[in-house]
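Here the structure is laid out as structure tokens; the discussion comes afterwards.
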Amino acid sequence: MSAILIGSEIVHYEVLGRGRPLIFLHGWVGSWRYWIPVMQATSISYRAYALDLWGFGDTAKKEALYQPEEQVKLIDAFLNQLGIGRIALIGHGLGAMVALMYAAHFPDAVDRVMAISHPIDGSMINNRLRSSQPASLADWLLERNPMTDPVRMDAARADPKALAIALDYLSTTTFPEIWNRSQTACLLIHGQNDPAILSPTVEQMMAMPSQVHAIGFEDSGHFPMLEESSKFNRLMVDFLALTSGESPKQLQLKEEWKRRVR
Amino acid sequence: MAKILIAEDEPDIRILVKFTLEFAGHQVVTVENGVEALETVPSVMPDLVLMDVRMPRMDGYEACIAIKKDPSTQHIPVVFLSAKGQEAEIRTGLEAGAVEYLLKPFAPDDLTERVNEILARYGKS
């Protein structure tokens, strides 16, 4: 794990693999750590970076930095400081919001966005996300098993204000408002059993522009990358393999390829 | 190929890092403490300094500050390699002028990739 200074504040990140750069952004609960299994899945073909956003994990906790625009500036400064060029962004919850905003602000810097568990509008957010402390959110959203331990460990270290400020922003902004400023290919992923964020309706999915595609994970809650990791990784690899600018609408969920054993 | 100076007092780590980076094609010079680092950097003029924090005679923080104060060596990027991950220690290292603070342990491949990235970032690869 590494630490750098951005402005005069510490930012923690991890990096794995070789190839085209990917940036993973964590959600409301946890930190960069829960992306490790996914980063390992991409490490043969991609250089995967995961960082802690302001207010989370080991990165600095300063309330003045928790506004979504500041999180977007963090991503920009991170990419500039590390000399990273055009990227694919994979964001979860809060990280999905930041990823979409970043792509809207800097469309030339982003090749594609995968947005997991992101609400289409504020009405789709369970109020419990707003009213609970980060540590108890981990208990609510996750089953207890070794895969979810990294999330739990880091959940209690988040500054609740960072969560609250982001949720306030989402209450007044809709996904189409963010998306109308961008033409970047986007794959929306939702766990259909997510207690925190409602999946988009059929009408909402029909109204999505051509560069946006939504896929639901039937057996997942808020963390499809942990709960159905094989399917998630396969879908992610397929999305990343699309030609630049190609619509993701052809993508479907598939089972992980398994070697036939005689 | 770049010229890299490693300042590390633990012989096993020093040898491992040296071997890893030489295997990656770099020229590596090693020293065992901060005083030796300050004596060696101006004559060797490495493209990168990898510095441990806790070393005898002079620690990595002091050595980094001195490297950054010297006009002839201040352009050389310094990276801390440390097992110490407390926020205060990381902040001290970065505010001493290091461009990055890497936490041990790290796999040899990971170290090589990060070193190559940092060298590219500073136009030294």
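So the sequences go chain by chain: A and B.
Per this note's numbering: the first sequence = residues 466 to 727.
Per this note's numbering: the second sequence = residues 8 to 132.
Cβ atoms here follow ideal geometry from the backbone N, Cα and C, with glycine treated the same way.
Note that the coordinates shown come from a computational prediction; the quantities given were computed from them, not determined experimentally.
Whole-angstrom C-beta distance between residue j and residue i, which should lie under 8 Å
i        : j        : result
Leu554/A : Ala564/A : 4 Å
Leu730/A : Gly681/A : Missing from the structure shown is residue 730/A; chain A here goes from 466 to 727 and no further.
Thr507/A : Gly548/A : Not confirmed; about 20 Å, so no contact.
Val616/A : Val480/A : Not quite, the Cβ-Cβ distance comes to about 20 Å (not below 8 Å), so this is no contact.
Leu530/A : Tyr478/A : So it is not a contact: roughly 16 Å between Cβ atoms.
Ser496/A : Asp604/A : With 8 Å as the limit, Ser496/A and Asp604/A do not qualify as a contact, their Cβ atoms being about 17 Å apart.
Ile471/A : Gln546/A : 6 Å
Leu544/A : Ala574/A : 7 Å
Glu120/B : Val86/B  : Between Val86/B and Glu120/B the Cβ distance is about 13 Å, and since that is not below 8 Å, they are no contact.
Leu126/B : Leu109/B : So it is not a contact: roughly 14 Å between Cβ atoms.
Ala661/A : Asn591/A : 5 Å
Leu716/A : Phe704/A : 6 Å
Ala9/B   : Ala44/B  : Actually they are not in contact, since the Cβ atoms of Ala9/B and Ala44/B sit about 17 Å apart, beyond 8 Å.
Tyr514/A : Gly484/A : The pair is not a contact, with the Cβ atoms about 12 Å apart (cut-off 8 Å).
Ile540/A : Pro486/A : Ile540/A to Pro486/A, Cβ: 12 Å. No contact.
Contacting residues, own chain, Cβ-Cβ under 6 Å from residue i (five flanking each side not counted)
i        : result
Thr99/B  : Tyr68
Val503/A : Met690
Glu528/A : Lys626
Met62/B  : Asp16, Asn40 and Gly41
Ile501/A : none
Ala468/A : Ile475 and His477
Gln657/A : Ser664, Gly681 and Glu683
Ala90/B  : Lys111
Leu559/A : Gly492, Trp493 and Ala631
Phe113/B : none
Arg128/B : none
Ser473/A : none
Lys714/A : His678
Pro115/B : Thr27
Lys696/A : Leu718
Arg64/B  : Asn40 and Val42
Thr524/A : Val476, His477 and Asp517
Ile11/B  : Leu28, His33, Val35, Pro53 and Leu55
Terminal residues of the beta strand (DSSP E) in which residue i lies
i        : result
Phe682/A : Val677 to Phe682
Pro486/A : Arg485 to Leu490
Gln34/B  : Gln34 to Val38
Ala31/B  : Run containing Ala31/B: none; DSSP gives neither H nor E here.
Ala14/B  : Lys10 to Ala14
Val476/A : Glu474 to Leu481
Ser467/A : Ser467 to Ile471
Leu110/B : Glu107 to Leu110
Sequence-distant residues of the same chain with beta carbon closer than 8 Å to residue i, five excluded per side
i        : result
Ile83/B  : Val48, Met52, Pro53, Asp54, Leu55, Val56 and Ile74
Arg21/B  : Ile13, Glu15, Thr37 and Glu39
Ser712/A : Ala650, Ser675, Gln676 and His678
Lys25/B  : Ile13, Val35 and Thr37
Thr80/B  : Val48, Pro49, Met52 and Ile74
Own chain residues within Cβ distance below 7 Å of residue i, not counting five before or after
i        : result
Gln669/A : Ile585
Pro533/A : Met562, Val563, Met566, Ala631 and Tyr634
Ser636/A : Gly587
Ser694/A : Pro502
Lys526/A : Gly520 and Asp624
Ile72/B  : Ala103 and Gly104
Gln536/A : Leu518, Trp519 and Val563
Tyr499/A : His491, Pro615, Val616 and Leu691
Met466/A : His477 and Glu479
Met589/A : Ile662 and Leu663
Ala621/A : Pro599 and Ala600
Leu101/B : Tyr108
Pro572/A : Ser647, Gln648 and Thr649
Asp59/B  : Ala14, Glu15, Asp16, Gly67, Leu88 and Ser89
Continuous alpha helix (DSSP H) stretch holding residue i: start and end
i        : result
Gly556/A : Segment Ile552 to His557 is the beta strand (DSSP E) holding Gly556/A; no alpha helix (DSSP H) there.
Leu547/A : Pro533 to Leu547
Ile120/B : Before going further, note that residue 120/B is Glu rather than Ile in the sequence given. Per DSSP, Glu120/B belongs to the alpha helix (DSSP H) from Pro115 to Arg128.
Leu663/A : First-last for Leu663/A: undefined, no H or E at that position.
Leu516/A : That residue, Leu516/A, is in no alpha helix (DSSP H); its beta strand (DSSP E) goes Tyr511 to Leu516.
Val667/A : Val667 to Met671
Ala506/A : Ile501 to Thr507
Cβ-heavy atom distance, residue i to the ligand FMN, below 7 Å
i        : result
Ser664/A : With respect to small molecules bound, the structure shown includes none, and the ligand FMN cannot be examined in it.
Listed by chain order, chain E residues near residue i by CB distance under 8 Å
i        : result
Leu101/B : Note that chain E does not occur in the displayed structure, where the protein chains are A and B.
Within the segment 50-97 of chain B, ranges of the alpha helix (DSSP H) (whole runs, at least 4 residues): 67-76
Complete alpha helix (DSSP H) runs within the segment 684-715 of chain A (minimum length 4 residues, chain order): 689-692 and 694-706
Minimum length 4: unbroken alpha helix (DSSP H) runs contained in the segment 581-658 of chain A: 592-596, 599-606, 614-620, 625-636 and 640-644
The segment 667-674 of chain A in contact with the segment 597-611 of chain A per 3-pair CB rule at 8 Å: no
Segment contact, 8 Å Cβ cut-off, at least three pairs: the segment 517-531 of chain A with the segment 640-650 of chain A: no
Segment contact flag, the segment 698-711 of chain A with the segment 574-581 of chain A, C-beta cutoff 8 Å, min 3 pairs: yes
Three or more C-beta pairs below 8 Å linking the segment 619-632 of chain A and the segment 647-658 of chain A: no
The segment 88-95 of chain B contacting the segment 122-132 of chain B, beta-carbon criterion three pairs below 8 Å: no
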